[in-house]
Amino acid sequence: LDWKRLDSLPFQKLMVLRCLRPDRMCGALAEWIRNALPDGRDYMDCDGSSSFRQILQNSFEDSTSTTPIFFILSPGADPVKEVEAMGKSLVGLQLGTNYWNVAMGQGQDVIAMAKLDIGHREGHWVMLQNVHLMPKWCVELEKKLDVFAVENSHPNFRVFLSADPNKGIPIGVLERSIKLTNEPPQGMLANLRRSFALFSKEDFEDRDTKVKAILFVLCHFHSLMLERKKFGL
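So for the sequence shown, this note's numbering puts the first residue at 1011; every next one is plus one.
The following block contains the structure:
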């Protein structure tokens, strides 16, 4: 097997890699899509240089009172803070007034249903965290969302759901929702882009040249440490 010769036969190289190192397939497929498909790089890295808050705001613009936003949780991700920060800037969100946050668990199903009814009528935001802990209740949630769609909810009503990957989540809930996940970037360049995305362009351009250099070094060092964690520090 001439491994170097396979560089000119990328799909055959994928098949060999699938046999020898299946654990490397995700990265290899991503690279193949970038190089083989028209505008493949734009497809794979479409939001690689955007912060999670920017992606959330774009998704919120696509949401409606009948289209929840469903967060698929990943290690270290906390979408609740981002939702609350966005809500405060957009609608003056205030917990207990026009925003309800329920962490699902034993006995919380009744409270969640009550908050959904209030939000449906008065146009509040409702965050239901960790719905995967109550898979049977999720069936009732799906029915409740169907009823809201028929009754025409208040136009400002929004539902945010979060859950770990779980087979117990009803397909109907997933299909009607806008699904988001905040996975850690793969590779030095992706990590560097994500770090820079935390700074707005205007804020960065207003800085002194020395400050810009320091920010770049800090972002580069941060990206390097994240990559080194894969091999042990």
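Beta carbons are placed, not taken as given, at the ideal position from N, Cα and C, and that holds for glycine.
Taken in chain order, the complete alpha helix (DSSP H) segments of 4 residues or longer contained in the stretch 1160-1196 are 1181-1186.
Judged by their CB atoms, V1093 and F1158 are not nearer to each other than the 8 Å cut-off. Secondary structure in the stretch 1051-1135: the beta strand (DSSP E) runs of 3 residues or longer, each lying completely within the stretch, are 1079-1082 and 1109-1113 in chain order. N1140 is not a Cβ neighbour of A1122, given a cutoff of 8 Å. Taking a 10 Å sphere around the C-beta of N1192, we find 16 or more other C-beta atoms and assign the residue as buried. For K1239, there is no enclosing alpha helix (DSSP H), as DSSP marks it with neither H nor E. Closest in alpha carbon position to A1200, among H1230, K1177, S1210 and R1186, is H1230. Y1053 and R1203 have their alpha carbons spaced roughly 16 Å apart. Contact between H1164 and S1075 holds: their C-beta atoms lie close to 6 Å from each other, under 8 Å.
Between Q1064 and the set T1107, F1206 and G1197, the nearest pair of CA atoms involves F1206. In the DSSP assignment, L1138 is bridged to V1112 and L1171. Your pair F1080 and L1184 checks out as a contact, with CB atoms roughly 7 Å apart and the cut at 8 Å. With contacts defined by Cβ atoms closer than 8 Å, G1106 and W1135 do not form a contacting pair.
One Cα belongs to F1241, the other to M1144, and the distance between them is close to 37 Å.
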